[in-house]
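As structure tokens, the structure follows; a few thoughts come after it.
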Amino acid sequence: MDSTQSRLRVLMLPWLAHGHISPFLELSKRLTERNFHIYFCSTPVNLSSIEPKLSDKYSLSIHLVELPLPSLPELPPHYHTTKGLPPHLNTTLKRAFDMASSTFSSILKTLDPDLLIYDFLQPWAPEIASSLNIPAVNFFCSGAATISFVFNAMKNPGVEFPFPEIQLHDYMKARFVDSPNEDHSNSSEDDDHHVNDIDRALKTFERSSRIVLMKTFEELEGKYMDFLSRLIEKKIVPVGPLIQLPVPEDDHDGKSKIIEWLDERELCSTVFVSFGSEYFLSKEEMEEIAYGLELSKANFIWVVRFPEGDKIKLEEALPEGFLGRVGEKGMVVEDWAPQVQILRHSSIGGFVSHCGWSSVMESIDFGVPIVAIPMQLDQPLNARVVEAAGVGVEVKRDRDHGKLEREEVARVIKEAVMGKIGENARKKERDMRDNLRRKGEEEMDRVADQLVHLFGTN
Numbered sequence: 001m002d003s004t005q006s007r008l009r010v011l012m013l014p015w016l017a018h019g020h021i022s023p024f025l026e027l028s029k030r031l032t033e034r035n036f037h038i039y040f041c042s043t044p045v046n047l048s049s050i051e052p053k054l055s056d057k058y059s060l061s062i063h064l065v066e067l068p069l070p071s072l073p074e075l076p077p078h079y080h081t082t083k084g085l086p087p088h089l090n091t092t093l094k095r096a097f098d099m100a101s102s103t104f105s106s107i108l109k110t111l112d113p114d115l116l117i118y119d120f121l122q123p124w125a126p127e128i129a130s131s132l133n134i135p136a137v138n139f140f141c142s143g144a145a146t147i148s149f150v151f152n153a154m155k156n157p158g159v160e161f162p163f164p165e166i167q168l169h170d171y172m173k174a175r176f177v178d179s180p181n182e183d184h185s186n187s188s189e190d191d192d193h194h195v196n197d198i199d200r201a202l203k204t205f206e207r208s209s210r211i212v213l214m215k216t217f218e219e220l221e222g223k224y225m226d227f228l229s230r231l232i233e234k235k236i237v238p239v240g241p242l243i244q245l246p247v248p249e250d251d252h253d254g255k256s257k258i259i260e261w262l263d264e265r266e267l268c269s270t271v272f273v274s275f276g277s278e279y280f281l282s283k284e285e286m287e288e289i290a291y292g293l294e295l296s297k298a299n300f301i302w303v304v305r306f307p308e309g310d311k312i313k314l315e316e317a318l319p320e321g322f323l324g325r326v327g328e329k330g331m332v333v334e335d336w337a338p339q340v341q342i343l344r345h346s347s348i349g350g351f352v353s354h355c356g357w358s359s360v361m362e363s364i365d366f367g368v369p370i371v372a373i374p375m376q377l378d379q380p381l382n383a384r385v386v387e388a389a390g391v392g393v394e395v396k397r398d399r400d401h402g403k404l405e406r407e408e409v410a411r412v413i414k415e416a417v418m419g420k421i422g423e424n425a426r427k428k429e430r431d432m433r434d435n436l437r438r439k440g441e442e443e444m445d446r447v448a449d450q451l452v453h454l455f456g457t458n
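All residue numbers for the sequence shown refer to UniProt numbering, where the first residue is 1 and numbers rise by one.
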């Protein structure tokens with residue numbers, strides 16, 4: 001964007017999850033470098049975690065705007081985020097977010113931005129913007145393959161998805177289809193506040209002004225983006241992987257200890273194990289993964305999380321004697337670890353991941369093969385993208401019940417760290433990363449141009 005032009009003022013409204021807030025924030029930072037001014041809107045608890053990640057460089061160009069949620073007895077303010085949220089409160093959080101739409105309307109009227117960029121769970125946001133003659137663009141933080149698979153099934157029932165490599169295992173269909181759907185049979189067709197997540201996503205796409213931004217890139221998902229664009233009759237504009245690099249002065253407890261431990265490990269000898277901030281392993285899953293790590297004999301760093309208010313001692317959660325048996329080969333960390341710094345480290349040879357989309361992007365960017373153990377939502381299809389692209393391999397489950405098996409976990413970890421699969425994955429990831437580096441800032445320049453054009457023609 002020409003620096004002589006007045007700044008385009010954009011209001012960002014992500015869903016209340018770290019995996020959404022982070023890419024929205026990274027997109028915000030990159031747009032400020034192209035003469036945009038950003039209003040970043042979220043709940044106070046989320047903004048308090050964002051503020052330390054904003055260096056002085058952005059103090060004048062990114063303005064944090066509080067969106068308080070209504071007070072509900074079962075949802076105190078520290079639960080106005082998905083981080084650490086007990087799973088049974090997910091629906092309550094969505095309901096509270098919907099109930100804040102009138103507050104958001106007041107914010108939009110007061111700030112009167114030139115453009116709204118919104119997430120997939122709030123179809124009411126573009127409706128409010130439209131009533132104020134403000135163009136609104138959907139920014140989708142997951143991959144094009146996943147959303148095109150879902151939308152194809154919804155818009156063309158019975159029509160086979162044209163990419164056979166992107167399919168769900170039978171044992172994953174319930175986890176993918178059932179988890180986002182809830183019974184709202186009594187709701188009216190026009191009531192945005194009583195629809196399931198997939199219907200919400202479809203509505204947010206339909207209400208986006210001519211284009212949809214997606215956190216992906218051509219080298220990984222070009223053909224899926226083209227198909228999705230034809231399916232929804234809107235242009236898909238990729239914004240790239242949007243990796244959140246650490247703030248230099250950021251120093252979290254335990255960080256130096258972890259990096260020092262990694263410094264003592266050999267090249268590509270260690271796996272990083274993490275299932276994101278929103279999924280909590282069952283006792284059975286934790287045991288099979290623990291035994292799988294032990295059988296693999298690979299070094300590992302494992303981040304273990306429990307829901308807020310439901311923590312137990314590590315010794316009780318893990319198999320008896322596990323920590324003693326693995327000794328110096330493994331480090332188990334509670335709650336948090338510096339994921340980007342870990343994945344960038346030369347001793348990391350694999351990432352045992354739930355295949356959250358941000359984690360997939362980070363693995364590819366840092367050249368780390370993915371050991372895919374998807375758990376829910378879009379993750380099973382993301383795992384298929386990972387395998388199809390040759391940047392990782394999925395841990396197959398028991399066919400009858402979908403249970404993890406320690407021997408299979410160990411086998412895939414060995415392949416990723418020491419086998420040919422891992423070697424090939426590293427090469428493919430390097431090629432993708434090199435292509436992205438060569439393009440430099442061209443992709444984000446195109447994003448900025450599209451947004452400026454949209455505002456100018458509204």
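All residues carry an ideal CB built from backbone N, CA and C; glycine is no exception.
request  = Note down the Cα distance separating SER142 from GLU328, rounded to an integer number of angstroms.
outcome  = 36 angstroms
inquiry  = On a Cα-Cα basis, can you pick out the residue from LYS235, LYS223 and PRO76 that is closest to LEU454?
reply    = Residue LYS235 is the option with its Cα nearest to LEU454.
inquiry  = Whole angstroms are fine: how far does the CA of TYR224 sit from the CA of ALA125?
reply    = When rounded, the distance between both Cα atoms is 26 angstroms.
query = In angstroms, rounded to a whole number, what distance separates the CA positions of PRO164 and ILE107?
reply = 45 angstroms
key: Three-state class that DSSP yields for GLU189 in the structure shown   = Only weak support exists for where GLU189 lies, its pLDDT of 39 falling under 50; the value from the coordinates is given anyway. Coil, per DSSP.
message = Which complete alpha helix (DSSP H) runs does the region 91-120 hold, if anything under 4 residues is left out?
response = 101-111
request  = Would you mind sorting MET154 into buried or exposed? The rule is 16 or more other CB atoms within 10 Å of its CB.
outcome  = exposed
ask   = Alpha carbon to alpha carbon, what distance is there between MET214 and PRO135?
value = Spanning the two alpha carbons is a distance of roughly 17 angstroms.
ask   = Below 8 angstroms, can you find three or more Cβ-Cβ pairs linking the region 320-338 to the region 346-364?
value = no
inquiry  = Helix, strand or coil, according to DSSP, for ILE259 in the structure here?
reply    = helix
Neighbourhood of LYS173 by C-beta distance below 7 angstroms, restricted to the same chain and skipping five residues each side = none
query = Pairing CB atoms from the region 262-273 with CB atoms from the region 42-57, are three or more of them under 8 angstroms?
reply = no
message = Rounded to whole angstroms, what is the Cα-Cα separation between ASP190 and ALA96?
response = For ASP190, the predicted structure reports a pLDDT of 44, less than 50, and the residue's modelled location is therefore unreliable. The matter cannot be settled from this model.
message = Quick check: what's the CA-CA separation for LYS428 versus PHE161?
response = 25 angstroms
inquiry  = Using the three-state DSSP reduction, which class does GLU39 fall into: helix, strand or coil?
reply    = Note that residue 39 is Tyr in the sequence shown, not Glu. TYR39: strand per DSSP, three-state reduction.
task = Starting from the Cα of GLY276, find the closest Cα among PRO307, GLU74 and GLU264 and give me that residue.
result = The closest CA to that of GLY276, considering only PRO307, GLU74 and GLU264, is found on PRO307.
query = Terminal residues of the continuous beta strand (DSSP E) containing GLU66?
reply = 62-66
task = Return the CA-CA distance between LEU231 and LEU202, expressed in angstroms with no decimal places.
result = 11 angstroms
request  = Taking LEU343 and VAL368 to be in contact with their CB atoms under 8 angstroms, please state how far apart those CB atoms are, rounded to whole angstroms.
outcome  = 5 angstroms
ask   = Do LEU381 and THR216 have their C-beta atoms closer together than 7 angstroms?
value = No, the Cβ-Cβ distance between LEU381 and THR216 is not below 7 angstroms.
query = What does a CB cutoff of less than 6 angstroms around TRP15 pick up in its chain, not counting 5 residues either side in sequence?
reply = ASP119 and LEU121
query = Considering only C-alpha positions, which residue in the set THR92, SER102, PRO68 and GLU219 is nearest to GLU74?
reply = THR92
inquiry  = Would ALA337 and ILE258 qualify as a contact pair, given that the criterion is a beta-carbon distance under 7 angstroms?
reply    = yes
ask   = Where does GLU334 sit, in a helix, a strand or coil, going by DSSP?
value = strand
task = Since I believe MET12 is in contact with GLY240 (beta carbons under 8 angstroms), could you give me their beta-carbon distance rounded to a whole number of angstroms?
result = Not confirmed; about 17 angstroms, so no contact.
message = Pull the bridge partners of MET12 from the DSSP assignment, please.
response = PHE40 and ILE117
ask   = If you run the structure through DSSP and keep just helix, strand and coil, what is MET375?
value = coil
request  = Please specify which runs of the beta strand (DSSP E), each continuous and at least 3 residues long, are wholly inside the region 292-363, giving them in chain order.
outcome  = As for any beta strand (DSSP E) of minimum length 3 sitting wholly inside the region 292-363, the runs are 299-304, 330-334 and 348-353, ordered along the chain.
query = Assuming LEU64 and PHE36 make a contact with CB atoms under 8 angstroms, what is their CB distance in whole Å?
reply = About 16 angstroms separates the two Cβ atoms, so there is no contact after all.
ask   = What residues are listed by DSSP as bridge partners for PHE139?
value = LEU213
query = Alpha carbon to alpha carbon, how far is PRO68 from GLY84?
reply = 19 angstroms
request  = Give the DSSP-derived three-state secondary structure of SER274 in the structure shown.
outcome  = strand
task = Starting from LEU89, follow its DSSP beta bridges and name the residues at the other end.
result = DSSP, once it has assigned bridges, lists no residue as partnering LEU89.
ask   = If you drop the 5 nearest sequence neighbours on each side, which residues of the same chain put their C-beta closer than 7 angstroms to that of LYS439?
value = none
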